[in-house]
Every structure is written in structure tokens, then in C-alpha cells.
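> Residue numbers (our numbering): 245 to 979. Positions of the beta carbon are idealized from the N, C-alpha and C atoms, including for glycine. Take this structure, written in C-alpha cells, and hold onto it; I'll ask about it next.
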């Protein structure tokens, strides 16, 4: 059976368990205690149902003493492979640099995120840390026991060092690989002692990433790099209006006769051409003369001919429907009745594309034994297995999902219906009887990418005669991805960053009104926090101004009950050289600073941004972030993740927006869809504060504080309060 060029025996049809059992390798599965899962109750884990009770992660120790970890998570640049290797290696006593990490195949054993499997929600490390340590320690114990039997000594006489069992008294050593098959026959112990953190050699240290060499030398394989024997290439053109269908191909015969073309196809909402090269397939599909069905003329039930971002925002703003209460505390009505001053403001944020550099691609191959192999970028292998099986008309156990490394996450790699090419690859492979690789052009990706939802929130606050907020009410109108894809109502992803804030405002009333979007919506890095923390932190500065308070001081007062948050405020002030709002002069240019806080994905952040205005646009000079994820595995990766989150946060703050006009997306490539440019990137200063709180997420929490900090700095500098993003839409002048 032909195989993907970089995959081994598993791709060839031999079961992973069968291969490992027959190879003399040591393989270990472990159960994660229910109490550990019960602690995983926030962030992405909220999408799970009843917590799972069994998680297996596998360690393979081969006869040649090499070590492989089948990771529950997909590596996509976030460094999870290195973090897993550090955690396993610490307890197993193997240098992480010697551990090969591969994404595990679909299966219930790998459901480490509150009973499900997910790479996202900044949940990989914190959800798996206990089980990975336990796995490593259990494997090391079994190596020692097997070596003790081989050497005929007591277990207590043995120690280990980097994959070798050592009997100091006799000077004899036994590599793990020599006793792997013996260890496999032993029953794992339940009472394994873990290392004292004071003795850690790799956990908590800036260990070099294990994937750098392959990536820097071009050996790393992404889906777009893969080939299988006998493969056709496919290019696709989607309907210009989302939700419409191809009615006729007016020049099909001419296109079918073009060089290298194999066949021409109609798909749901698209047309496709298969050929012996992707470039020939693309030339052919772009030459097709297609008659498409007409969109609805108007309205927001579908992406109508007159649909626009402005029309969607107007619908959200004008909604008078009653909503669901998502947070309630105290007597808000009484607080407003007694208020010395009332503050009101409307905030909104636009649709956003993921704008990833890795073009979407997928390979599908039907095999003679009735199985299907699919190679595709994904964040949930089991979910993609299920959808692939439904598309192919097969049972899920007949579908093998292969999960290469990703060219970035950002929430892009979930199923999203028509927002991914893998169903097209499956349909085309079935129609042609050949393996098919679908690659979307950049223009098709911008046309079909599922978007971060446009969102709107109305704020009101009551301020007393001391200038302190006594009540706050919010009304959020729109839709979030957790409601769309997991049916959660009310939808926490639509209001996270607005609800459950740490500030001691005694009276609170938060409402959510669901108004569905006709467009395909998605998770986006930090999800609802990406916009909602900006809304809330911007409005909190408005409250401070209305009460005559410095915004930094107001936050300190509202957080007097929380030493953890006060520590972060003090730390971010310290690393920025001391809080000063401004405006103040730097080299003849006026600058100012803004502060914002966020509590996303189990972590806490405090962010200060320093800005000036140049030619009517915002220039960000410095961003300081104090970041408390509780504890860390690799501080170098944490710092890199925060820095990258700052970059993406700045991109959406300054320039990014996906715009609908006349029923279609305005932007089809990076020439018009603006992203952060190199000259826009400020100095980023990160201080990691390990408070000892339960481990939080890392990949997303650095983003939500950035927009609020920048916009608050702009307000301090210019006196202009910007309540919508991006800032490029607002003409500004310096103080």
C-alpha cells in the first residue's frame, strides 16, 4: 500500500499497538485520576461534557535506546512538543533533546482535556502536566525493576542517568532499551513518587526547542509538503457569495482538455479541477466559466446580496431583544439611582480573518481494504476523524487521521464546515478513485476562512461622589463559537473578558443577547477575550476619568482584595520604569501610556503600552507585560508565546479587519487585508511571575491586554476615546 512520504509503518496499515508490541519496544499507558480532570474546569475545557476518566499517553523506548512520545497534542509552533519532552524527560531521566515527539493517532486514550482531546484554549500543558510527570516516573520505575531482575540486585541499589540504569557498587549499567521488553511485562505501580521540584533539571528551565533543527534545515513536514503515490492535485474556486451553488459549467469540455487536467467537478458551494500538478489545476479551475445561483437579495438570515459588516453592526446595535443574565451581583438599580454620575459607552470590534501563512491543504486516500487515510492540519484529531467518516460514508474506525505539524494555530484548525478543504479532498478522492491533494490558493483562503465574530457591547456604570464605581451593567449582542459549534447557551465565548472580572465593583448586571451571524464564525486567538477585555478595560478608564481617578490607581483600589493582581500591577509598573500616564515628552515627541489587565485561560496579565501619534496614526513604542501563569515548564517558550501574542494583539488593534461589502468579503490577499508590519512592532518586555497558583494557559493570555492598553494610551495622549477597532479607522492627532 502506498504511504505518505514521511510516515512509517502506521500509515502502511499496521496498527500502532501491533507495531510496537512486535518491535520489542516498551510502551506505557497511564490513567489520569478523575480528581485531576475535575480541576480542569475553565477555559477550553468548558466545552467538554462529563469529564473523562481515562487518558493514555504512550512512551516508546526502543531497543536502540531511543525514546518516542506519542503526544496527545499537535505541534504548531507553540512549543508543546518540547514542553512534553521536558516533562516526561524530567521524571523518566532522559534528556529532552533525545526524545522524539509525534502526534498520537485518534483514540479515546488521548482525551487529556477534561475528557476530550483538544490542542487549543491554552490548555495543552496545564491539562497534561500531572499525567506526563506520572508517566515518566512510572516508566523509570519499570526500567529499574526490569534492570534489577536482569542484574539480580535489589531495586534500591539502582539509580538512573539519561536513559541508563546504573548499579554503582558493581559499575554495571543497563540501557533502558536493553530491558524494554522485560519492563513491558511488568504491572505499573500506583504509588510512584515524583521528583522533588527542587531537583528539577529541565522543568522550569529555558530548555532549547527540540524542533528547531528540522525547521531550520527544511526537514519539518507540513501538510502542504506531503505527497502520496498516485496522487492528483486539486484546485478549487468557491462561490462568490457564501451559501450559493454552481448551476452550470459553461466551458467544461474546453477546461477538461487543458494540459495535465484529469477531471472537472462540482462541489457544494464550489467547483474543482484535478490535474497532475497544482499549478495546472489552478489555471484550469480559474478558466472555468461558472453560472452560480443567486444569493438572497437582502437581510442577515443569509449572506445576502446587500450584506455588509456595517449592516451586521447596525443589527446588533439596534437589537432590543431580552437576553440571558450571565452575571448578577448586588442591587444595580439602587446603585444607579444613588449615583453621583453615570457613564455610558458602546464598544464594538470587527470580523477578523486568521490570515495564516500556511495555505489550507489536505490529502485523502481510499485504500483497497475499505479504509480511508486523511492527512490534514487540525487541532482535534478525533473530531476530524468523525467528520471525515461522515463525509466518506464510513465508520470512524475505518478512518486514519494523520496530524502533521501546523504552520500556526490561532483557532484556524477546527472543522468549520465549508471553512476547510479536507471534505473536498475526500469527495474528490472518492470521485476519481485516486488519492487527491487539495490546496487552496491564498484568495480562496481569504474567501472561505471562518472569521472571528463581529461583536458589540453596551456599558453603563454608576459612579459615587468619591469617584468610585458602584455598579456596572453590560449588554453584549452577537454570537460566539462555543454557542455555534457546541450549542452552549448562553455562550461563554461571547462574554468572556466581560464577566467574572476581578475588580471589586459591588453591583453588577451582565446580559447576553444572541444574534446569529450569517457568516461562518470561528475561534480566534484568545477567542472572546481578544475583544471583550479591550471593551471592559477601555470602559474602566472611562470610569476613572469620570471619577477623577488615575486609571492605574483605580485598578489598585479595586484589586485591594487580591494580592495576586496587585503583584502584577506592581511588576508591570516596575519593568516599565514606573507608572506614568502622560502625556510626556520623549525626544521632542509627546507620548502617553495605558494600562489594561486580563484574566484569560487560568492566567493573569497586566499590560502597559506606550504610544505616540505620527501622521495621524498610532505608533506603539513599548509594550510591557507582567504575566502570571501560576507556574511554567519552559520560560523561554512562555516568553516567546507572550511576545507573539502581543504582535497579534497589536495587529488587530492597529490595522486588521475583515470587511463585508455587497455580500462578499472585500479583501482577498495581504495587499488589502492589512496585518502588522515589521516597522509597527514595538519593543516588548515580558516579566514572568510564578505565583504558585494552579498552572494556567500560555499561548493566548498575552493578547487580551494589548488592545485596551494601547487604546487607553491613545486616549491619554489625544483625549480621543476610541471605542472600535482598528485604530486605522480613526484619524488622530497628538497632544
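In chain order, what residues of the same chain lie with their CB nearer than 7 Å to the CB of residue 551, ignoring the 5 residues before and after it?
Along the chain shown, read from residue 1 onward, the residue named residue 551 stands at position 307. Excluding sequence neighbours, residue 551 sits near 544, 762, 904 and 907.
> Can you give me the Cβ contacts of residue 614 inside the same chain, cut-off strictly under 8 Å, excluding the 5 residues immediately before and after it?
As a position in the chain shown, residue 614 is number 370, starting the count at 1. If we look at residue 614 and ignore the five residues flanking it on each side, its Cβ neighbours are 638 and 642.
> So, at 6 Å on beta carbons, what are the nonlocal neighbours of residue 945 in its own chain, with the 5 sequence-adjacent residues on each side left out?
The residue given as residue 945 occupies position 701 in the chain shown. Within the same chain, residue 945 has close Cβ partners 844, 845, 847 and 849.
> From the DSSP output, read off the bridge partner residues of residue 838.
As a first step, residue 838 is located in the chain shown; it is residue number 594 there, counting from the start. 853.
> Can you tell me which of 827, 854, 725 and 738 puts its alpha carbon nearest to the alpha carbon of residue 820?
Sequence index remark: in the chain shown, residue 820 carries index 576 (1-based). By alpha-carbon distance to residue 820, the top candidate from 827, 854, 725 and 738 is 854.
> Looking only at C-alpha atoms, which of 897, 942, 919 and 607 sits nearest to residue 966?
Reading the chain shown from its first residue, position 722 is the one you call residue 966. Closest by alpha carbon: 897.
> Does DSSP classify residue 717 as helix, strand or coil?
Locating residue 717 in the chain shown gives position 473, where the first residue counts as 1. Three-state DSSP puts residue 717 in a strand.
> If you compare alpha carbons, which of 914, 909, 882 and 811 is closest to residue 370?
In the chain shown, the residue the question calls residue 370 occupies position 126. Across the set 914, 909, 882 and 811, the C-alpha of 882 shows the shortest separation from the C-alpha of residue 370.
> Could you pull out every residue in the same chain whose Cβ sits closer than 8 Å to the Cβ of residue 630, ignoring the five residues on either side in sequence?
To locate residue 630, count along the chain shown from 1; it is residue 386. These residues qualify, in order along the chain: 640.
> Check the DSSP bridge columns for residue 861 and list the partner residues they point to.
Locating residue 861 in the chain shown gives position 617, counting from the first residue. Residue 861 is bridged to 858.
> Are residue 322 and residue 653 closer than 8 Å when you measure CB to CB?
Your numbering for residue 322 matches position 78 in the chain shown. Your numbering for residue 653 matches position 409 in the chain shown. At a Cβ-Cβ threshold of 8 Å, residue 322 and residue 653 count as neighbours.
> Return the chain-ordered list of same chain residues with a C-beta closer than 7 Å to the C-beta of residue 329, the five sequence neighbours on each side being excluded.
Taking the first residue of the chain shown as position 1, residue 329 is located at position 85. Around residue 329: 313, 340, 343, 345 and 454.
> Three or more C-beta pairs under 8 Å: does that hold for the segment 509 to 529 against the segment 476 to 493?
yes
> Could you tell me how far apart the beta carbons of residue 934 and residue 874 are, in whole angstroms, since I believe they sit closer than 8 Å?
Residue mapping note: residue 934 aligns to position 690 of the chain shown, counting from 1. Residue mapping note: residue 874 aligns to position 630 of the chain shown, counting from 1. Right, their Cβ atoms sit about 7 Å apart.
> Could you please give the first and the last residue of the uninterrupted beta strand (DSSP E) stretch that includes residue 403?
Taking the first residue of the chain shown as 1, we reach residue 403 at position 159. From DSSP, the beta strand (DSSP E) with residue 403 extends over 402 to 404.
> Within the segment 615 to 700, note down every full alpha helix (DSSP H) run reaching 4 residues or more, in order along the chain.
625 to 636, 666 to 676 and 686 to 692
> When you compare the CB positions of residue 399 and residue 413, do they come within less than 8 Å of one another, or not?
Along the chain shown, one-based indexing puts residue 399 at 155. Along the chain shown, one-based indexing puts residue 413 at 169. Remark: C-beta atoms of residue 399 and residue 413 do not approach each other more closely than 8 Å.
> Looking at the strands, I want to know which residues DSSP matches up with residue 828.
Taking the chain shown and counting its residues from 1, one reaches residue 828 at position 584. Paired residues: 835.
> On the DSSP bridge list, what partners appear for residue 767?
As a working mapping, residue 767 is identified with position 523 in the chain shown. Paired residues: none, contrary to the question.
> For a test of the three-state rule: what should DSSP assign to residue 904, helix, strand or coil?
Walking along the chain shown from the start, residue 904 turns up at place 660. It is a strand residue.
> Using DSSP with H/G/I as helix, E/B as strand and the rest coil, what is residue 274?
For the purposes of this step, residue 274 is identified with residue 30 of the chain shown, where counting begins at 1. Low local confidence applies: a pLDDT of 37 at residue 274 is under 50, so the model's placement there is unreliable, and no value is given.
> Quick check for students: name the residue ranges of the beta strand (DSSP E) that lie wholly in the segment 486 to 559, counting only runs of 3 or more.
Taking 3 residues as the shortest admissible run, the segment 486 to 559 contains the following complete beta strand (DSSP E) segments, listed from N- to C-terminal end: 490 to 493, 505 to 511, 514 to 519 and 534 to 536.
> Any idea what DSSP makes of residue 190, helix, strand or coil?
Residue 190 lies beyond the range of the chain shown here (245 to 979); nothing can be said about it.
> What number of angstroms, rounded off, separates the C-alpha of residue 499 from the C-alpha of residue 492?
As a position in the chain shown, residue 499 is number 255, starting the count at 1. As a position in the chain shown, residue 492 is number 248, starting the count at 1. In a straight line, the C-alpha of residue 499 is about 14 Å away from that of residue 492.
> Let me make sure I understand the geometry here. Which of 842, 879, 833 and 872 has the alpha-carbon closest to that of residue 862?
By one-based count along the chain shown, residue 862 stands at place 618. Per the Cα distances, 833.
> Run through DSSP, which three-state label would residue 358 get?
Here residue 358 corresponds to residue number 114 of the chain shown, with the count starting at 1. In this structure, residue 358 counts as coil in the three-state DSSP scheme.
> Curious, which full-length alpha helix (DSSP H) runs of at least 4 residues does the segment 559 to 601 contain?
Inside the segment 559 to 601, DSSP marks whole alpha helix (DSSP H) runs of 4 or more residues at positions 576 to 581, from first to last along the chain.
> With residue 841 and residue 809 assumed to form a contact (beta carbons below 8 Å), what rounded beta-carbon distance in angstroms separates them?
Residue mapping note: residue 841 aligns to position 597 of the chain shown, counting from 1. Residue mapping note: residue 809 aligns to position 565 of the chain shown, counting from 1. Contact flag correct, Cβ pair sits at about 7 Å.
> Relative to the C-alpha of residue 714, which candidate in 576, 909 and 825 has its C-alpha closest?
Stepping through the chain shown from its first residue, residue 714 is reached at position 470. When only C-alpha atoms are compared, the closest one is 576.
> For residue 971 and residue 955, what's the separation of their Cα atoms in angstroms?
Here residue 971 refers to the residue found at position 727 of the chain shown. Here residue 955 refers to the residue found at position 711 of the chain shown. Each residue's alpha carbon lies about 8 Å from the other.
> How big is the Cα-Cα spacing for residue 851 and residue 469?
Translated into positions along the chain shown, residue 851 becomes position 607. Translated into positions along the chain shown, residue 469 becomes position 225. When rounded, the distance between both Cα atoms is 39 Å.
> Can you give the Cα-Cα distance for residue 943 and residue 869, rounded to whole angstroms?
As a first step, residue 943 must be located in the chain shown, where it is residue number 699. As a first step, residue 869 must be located in the chain shown, where it is residue number 625. When rounded, the distance between both Cα atoms is 14 Å.
> With 16 as the cutoff for other CB atoms within 10 Å, does residue 490 come out buried or exposed?
Counted from its first residue, the chain shown places residue 490 at position 246. Result: buried.
> Please state whether the Cβ-Cβ distance between residue 464 and residue 483 is less than 8 Å.
Residue mapping note: residue 464 aligns to position 220 of the chain shown, counting from 1. Residue mapping note: residue 483 aligns to position 239 of the chain shown, counting from 1. No, they are not a contact pair.
> Can you tell me whether DSSP reads residue 931 as helix, strand or coil?
Start at 1 with the first residue of the chain shown, and residue 931 comes out as number 687. Looking at residue 931 - three-state DSSP - the assignment turns out to be strand.
> Going by DSSP in three states, residue 796 sits in which element: helix, strand or coil?
As a first step, residue 796 must be located in the chain shown, where it is residue number 552. Three-state result, residue 796: helix.
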